[in-house]
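First up is the structure itself, then whatever we jot down about it.
Chains as they are written, first to last, in our numbering: chain A, 84 to 488; chain B, 84 to 488.
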């Protein structure tokens with residue numbers, strides 16, 4: 084039917100997400116998968132969740148837990164987040180917090196709020212695939228943010244955006260243990276991002292999904308904390324902090340938050356109302372109880388387990404990878420980013436690796452807004468069993484050795 | 084800051100939702116509120132939910148329940164919905180079903196898929212406020228759908244849309260016990276909507292949030308069922324059926340679905356991935372168990388309770404309302420729609436009713452895409468206690484009598 088063809092353009096922009104479909108096929112038991120970017124379910128605090136659902140569904144609170152609720156989110160959970168933000172150097176109040184259905188939803192809402200077709204979003208090369216997918220719905224173009232040097236001048240970014248028919252609307256980045264690279268930018272680089280944002284008068288979207296998962300080294304201040312140090316208060320700041328419970332407590336409840344200036348939060352609350360009324364009430368009440376009960380012990384438990392997996396992966400890469408292959412050494416998070424010699428194609432390598440060596444990963448190209456990065460691949464270390472990592476990397480190294488272009 | 088001003092236009096379109104803020108203020112204990120459009124929490128099957136969360140968080144399934152999951156939704160819940168759709172005359176398969184975070188999210192996704200700025204959406208006058216809010220994010224204009232006669236010619240709709248700089252993208256309606264009017268359109272009117280949609284080659288969005296709550300009379304076939312009777316199969320149909328668990332089992336889990344042609348569902352799955360990855364896994368697993376266990380007994384229980392409340396409201400209106408006031412007599416759902424004599428203003432009346440009589444309702448104007456309908460108000464009968472309805476209507480009638488313009 085003709086009406087089906089009319090939405091082709093917008094849907095076309097979303098094709099990158101089909102990579103997820105591919106990855107589902109790869110979760111077969113005989114495959115060692117470094118593909119998914121998901122937490123190890125053996126580490127979920129399942130009994131704390133069971134206790135919390137039981138309590139919340141008791142006679143006193145069941146009616147509230149099963150009912151509609153306010154779009155901004157459950158106040159005690161927002162208050163818990165305020166305390167967590169204070170711990171990382173961000174003084175704020177509950178009116179600076181919107182609960183979202185995962186931080187992915189926060190990215191979608193920010194795209195909806197800021198982007199019109201042909202506007203420009205600044206992102207790193209590579210960047211989180213899910214951010215590109217969320218923003219793509221609003222049909223922007225991308226320009227390259229280089230926190231490690233090499234940014235264009237503000238005027239050059241502005242001119243390029245105007246030539247494309249829009250303006251620069253925001254800068255988006257994951258400063259800590261980025262997906263996909265695992266890399267962290269330092270304090271000077273963070274200040275540089277704020278300098279650029281000030282010059283362009285744009286907000287900065289700081290995606291902190293992996294922030295609590297630090298295995299070594301000292302954490303630099305968050306970009307939002309640095310912004311508040313410049314401007315004096317969160318309500319005067321331009322940084323929009325996206326947080327998540329998915330990597331610390333559990334992703335299955337779909338809970339994250341945005342912490343930002345109150346006028347901005349008020350606009351996002353209207354978007355939330357229009358898009359799904361509220362994040363599930365019961366899950367917010369449960370997450371508040373679980374966070375209160377186990378967050379302080381759960382994070383060190385995850386850090387110990389994932390650090391061992393990261394160390395196993397770095398040791399295996401050192402042991403097995405042929406010359407010419409390089410990789411990042413992340414201080415936290417879930418990913419190692421591998422650069423192969425020029426001429427390699429990650430997608431072709433994946434097909435061969437799955438077929439001949441039963442090992443999987445994500446080809447890097449999908450993470451580049453311009454489709455470059457063919458010779459890169461992303462390896463996840465949070466999900467595979469620690470005692471399978473060496474074997475998986477050995478197999479992958481074998482396929483790379485046999486596939487020299 | 085300047086960057087905050089740039090999103091003013093889009094946020095401006097969302098202002099209608101501020102009515103929800105107003106309504107929150109009204110939920111004070113001494114007020115008899117006919118304002119909210121929400122189910123009676125005393126009727127939630129809370130113990131079935133408690134059992135299901137306990138079971139799902141058992142050792143065998145906890146890891147799955149707390150993990151990310153596929154964007155299209157939990158397959159056993161989709162299979163349950165397929166069986167429910169068959170009961171109402173819609174043969175389909177699980178690939179025709181997308182799980183959404185409430186049917187509100189379905190409306191948002193359909194707006195995102197179909198609408199560009201200045202496109203036209205056909206809606207009834209009045210229509211569901213939440214649909215206008217969801218669609219407004221995508222900056223359409225509206226034209227009036229008249230299922231009870233008085234539609235323009237297809238060419239006239241097309242010309243008006245073209246003159247506004249876009250095209251007609253869909254027709255949206257709630258055929259059963261509509262929010263806000265409580266009215267149901269008959270089979271002939273449903274066929275008329277399909278005729279118009281065929282002539283314009285547009286999809287029909289059939290919002291069925293209240294469908295299971297029928298208190299008298301026989302249900303006409305759903306528009307999707309009539310469409311399938313014309314076209315031979317759901318995959319050839321143009322009707323997009325939005326369903327909800329919010330009014331039958333509980334809204335707090337935020338669970339609804341879209342049932343439509345498979346090519347359309349595939350596009351919506353991509354939108355879902357980009358917007359929030361998946362509806363909370365645990366809630367879908369729980370809703371499947373609860374639906375399986377209690378849906379068949381829960382719906383008759385709700386019907387009996389809400390029928391008594393509707394009857395109490397209609398009897399009270401008959402008893403207390405002055406001449407010149409008219410109202411609908413809904414066969415189901417949650418709302419009675421009251422038309423006051425010309426010259427009344429629902430918003431002014433609400434302010435007086437709250438202050439002088441401690442009774443609340445929703446002024447009707449917000450439900451009209453063109454801002455008309457000042458002399459209408461919406462009364463909800465699902466939420467107030469049955470033994471307070473007569474007193475509340477008597478108070479309201481008193482305010483109306485004292486407020487003749």
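Quick reminder that beta carbons are idealized off the backbone N, C-alpha and C, glycines included.
Give me the subset of the segment 436-469 of chain A whose CB atoms are less than 9 Å from a CB atom of chain B, sorted by chain position. Of all residues in the segment 436-469 of chain A, none has a Cβ within less than 9 Å of some Cβ in chain B.
Run through chain A and tell me which residues come within less than 8 Å of residue 136(B), C-beta to C-beta. If you number the second chain from 1, residue 136(B) lands on position 53. The answer, in chain order, is 133, 136, 137, 140.
For residue 471(A), decide whether its Cβ has a neighbour in chain B, counting only Cβ atoms nearer than 8 Å. For the purposes of this step, residue 471(A) is taken as the residue at position 388 of the first chain. Not closer than 8 Å to any Cβ of chain B, the Cβ of residue 471(A) fails to qualify, so no.
For my contact list, residue 162(B) and residue 177(B) are in at a C-beta cut-off of 8 Å; report their separation, rounded to the angstrom. The residue you call residue 162(B) lines up with position 79 of the second chain. The residue you call residue 177(B) lines up with position 94 of the second chain. Right, the Cβ-Cβ distance comes to about 6 Å (below 8 Å), so this counts as a contact.
Whole-Å CB distance - residue 385(B) paired with residue 126(B), under 8 Å assumed: For the purposes of this step, residue 385(B) is identified with residue 302 of the second chain, where counting begins at 1. For the purposes of this step, residue 126(B) is identified with residue 43 of the second chain, where counting begins at 1. That pair is a contact at about 6 Å.
Best match in 337(A), 301(A), 256(A), 185(A) for proximity to residue 280(A) [C-alpha to C-alpha]: The sequence position of residue 280(A) within the first chain is 197, counting from 1. If we check each option's Cα against that of residue 280(A), 256(A) comes out closest.
Three-way DSSP call (helix, strand, coil) for residue 189(A) in this model: Position 106 of the first chain, counting from 1, holds the residue named residue 189(A). Helix.
Sorted by chain position, which residues of the same chain lie with C-beta nearer than 6 Å to residue 337(A)'s C-beta, five sequence neighbours on each side aside? Residue numbering aside, residue 337(A) sits at position 254 when the first chain is read from its first letter. The beta carbon of residue 337(A) is closer than 6 Å to those of 184, 185 in its chain, skipping five residues each way along the sequence.
Mind checking which residues open and close the beta strand (DSSP E) that includes residue 324(A)? The residue labelled residue 324(A) in the question sits at position 241 within the first chain. 322-327 is the extent of the beta strand (DSSP E) around residue 324(A).
Starting from the beta carbon of residue 149(A), find every residue of chain D whose beta carbon is closer than 8 Å, and list them in chain order. Given the protein chain composition of this structure (A and B), no chain D is represented.
Residue(s) in a DSSP beta bridge with residue 256(A): The residue you call residue 256(A) lines up with position 173 of the first chain. According to DSSP, which records beta bridges pairwise, residue 256(A) is partnered with 289(A).
Would you report the Cα separation of residue 150(B) and residue 228(B), rounded to the nearest angstrom? On the second chain, position 67 is the one that residue 150(B) refers to. On the second chain, position 145 is the one that residue 228(B) refers to. Their Cα atoms are separated by approximately 43 Å.
Judging by CA-CA distance, which residue of 209(B), 245(B), 190(B), 234(B) is the nearest neighbour of residue 219(B)? In the second chain, counting from the first residue as 1, residue 219(B) sits at position 136. The candidate whose alpha carbon is nearest that of residue 219(B) is 190(B).
So, are the CB atoms of residue 417(B) and residue 116(B) less than 8 Å apart? To locate residue 417(B), count along the second chain from 1; it is residue 334. To locate residue 116(B), count along the second chain from 1; it is residue 33. Between residue 417(B) and residue 116(B), the CB-CB gap reaches or exceeds 8 Å.
As a quick exercise: from 130(A), 463(A), 453(A), 164(A), pick the residue whose alpha carbon is nearest that of residue 325(A). Residue mapping note: residue 325(A) aligns to position 242 of the first chain, counting from 1. Comparing C-alpha distances from residue 325(A) to each of 130(A), 463(A), 453(A), 164(A) shows the shortest one belongs to 164(A).
Taking 8 Å as the CB-CB cut-off, is residue 363(B) touching chain A? Locating residue 363(B) in the second chain gives position 280, where the first residue counts as 1. Interface residue, yes.
Please report the Cβ distance between residue 133(A) and residue 140(B), rounded to the nearest whole angstrom; I am assuming they are in contact, meaning their Cβ atoms lie under 8 Å. Residue mapping note: residue 133(A) aligns to position 50 of the first chain, counting from 1. Residue mapping note: residue 140(B) aligns to position 57 of the second chain, counting from 1. Taking a contact as a CB-CB distance under 8 Å, the pair residue 133(A) and residue 140(B) counts as one, their CB atoms being some 4 Å apart.
Taking the DSSP output, what are the residues bridged to residue 342(A)? Position 259 of the first chain, counted from the start, is the residue given in the question as residue 342(A). The partner list for residue 342(A) (beta bridge, DSSP) reads 180(A), 324(A).
Helix, strand or coil: how does DSSP classify residue 307(A) here? Looking up residue 307(A) in the first chain gives position 224. DSSP places residue 307(A) in helix when its eight states are reduced to three.
Can you pull the chain A neighbours of residue 220(B), defined as C-beta to C-beta under 8 Å? Residue 220(B) sits at position 137 when you count from the first residue of the second chain. For residue 220(B), the residues of chain A that pass the 8 Å Cβ criterion are 195, 354, 357, 358, in the order they occur in the chain.
Note the first and the last residue of the continuous beta strand (DSSP E) segment covering residue 276(B). In the second chain, residue 276(B) corresponds to position 193, counting from 1. It is not in any beta strand (DSSP E) - residue 276(B) instead sits in the alpha helix (DSSP H) that spans 270-283.
Ordered along the chain, which non-local residues of its own chain (more than five positions away) have a Cβ less than 6 Å from that of residue 441(B)? Against the second chain, residue 441(B) aligns to sequence position 358. Non-local beta-carbon contacts of residue 441(B) in its own chain, meaning distances under 6 Å to residues more than five positions away in sequence, involve 113, 114 in chain order.
So, are the CB atoms of residue 483(A) and residue 408(A) less than 8 Å apart? The residue labelled residue 483(A) in the question sits at position 400 within the first chain. The residue labelled residue 408(A) in the question sits at position 325 within the first chain. When the beta-carbon positions are compared, residue 483(A) and residue 408(A) come within less than 8 Å of each other.
On the three-state DSSP scale, how would you describe residue 406(B)? For the purposes of this step, residue 406(B) is identified with residue 323 of the second chain, where counting begins at 1. Coil at residue 406(B), not helix or strand.
Going straight from the alpha carbon of residue 104(A) to that of residue 399(B), what length do you get? Position 21 of the first chain, counting from 1, holds the residue named residue 104(A). Position 316 of the second chain, counting from 1, holds the residue named residue 399(B). For residue 104(A), the pLDDT reaches just 49, beneath the cut-off of 50, and the residue's location in the model is therefore unreliable, although a value from the coordinates is still provided. Across the structure, residue 104(A) and residue 399(B) are spaced so that their CA atoms are roughly 56 Å apart.
Sequence-distant residues of the same chain with beta carbon closer than 8 Å to residue 405(B), five excluded per side: By 1-based counting over the second chain, the position of residue 405(B) is 322. If we look at residue 405(B) and ignore the five residues flanking it on each side, its Cβ neighbours are 480, 483, 484.
Quick check: residue 212(B) and residue 449(B), are their CB atoms within less than 8 Å of each other? Stepping through the second chain from its first residue, residue 212(B) is reached at position 129. Stepping through the second chain from its first residue, residue 449(B) is reached at position 366. Closer than 8 Å, so yes.
State the Cα-Cα distance for the pair residue 266(A) and residue 456(A), rounded to the nearest angstrom. As a first step, residue 266(A) must be located in the first chain, where it is residue number 183. As a first step, residue 456(A) must be located in the first chain, where it is residue number 373. Computed Cα separation, rounded: 16 Å.
In its own chain, which residues sit with a C-beta less than 7 Å from the C-beta of residue 392(A), not counting the 5 before and 5 after it? In the first chain, counting from the first residue as 1, residue 392(A) sits at position 309. Cβ contact annotation for residue 392(A) (same chain, cutoff 7 Å, sequence separation greater than five): 464, 465, 469, 472, in chain order.
At 7 Å on the CB atoms, spell out the chain B contacts of residue 184(A), in chain order. By 1-based counting over the first chain, the position of residue 184(A) is 101. Scanning chain B for C-beta atoms nearer than 7 Å to the C-beta of residue 184(A) yields 184, 359, reported in chain order.
Please confirm whether residue 198(B) and residue 230(B) have their CB atoms less than 8 Å apart. Start at 1 with the first residue of the second chain, and residue 198(B) comes out as number 115. Start at 1 with the first residue of the second chain, and residue 230(B) comes out as number 147. Contact: no.
Please go through the segment 335-380 of chain B and give each complete alpha helix (DSSP H) segment of 4 or more residues, from N-terminal end onward. List check, alpha helix (DSSP H) in window: 345-359.
Could you confirm whether any beta carbon from chain A is found closer than 8 Å to the beta carbon of residue 259(B)? Here residue 259(B) is taken as the residue at index 176 of the second chain, counted from 1. By this cut-off, residue 259(B) is not an interface position.
Residues of its chain near residue 420(A), where Cβ-Cβ distance is below 7 Å and the 5 sequence neighbours each way are ignored: Here residue 420(A) corresponds to residue number 337 of the first chain, with the count starting at 1. Hits under 7 Å: 263, 264, 265, 410, 411, 459, 461.
With the cut-off set at 8 Å, would you say residue 306(A) and residue 277(A) are in Cβ contact? For the purposes of this step, residue 306(A) is identified with residue 223 of the first chain, where counting begins at 1. For the purposes of this step, residue 277(A) is identified with residue 194 of the first chain, where counting begins at 1. Between residue 306(A) and residue 277(A), the C-beta spacing is below 8 Å.
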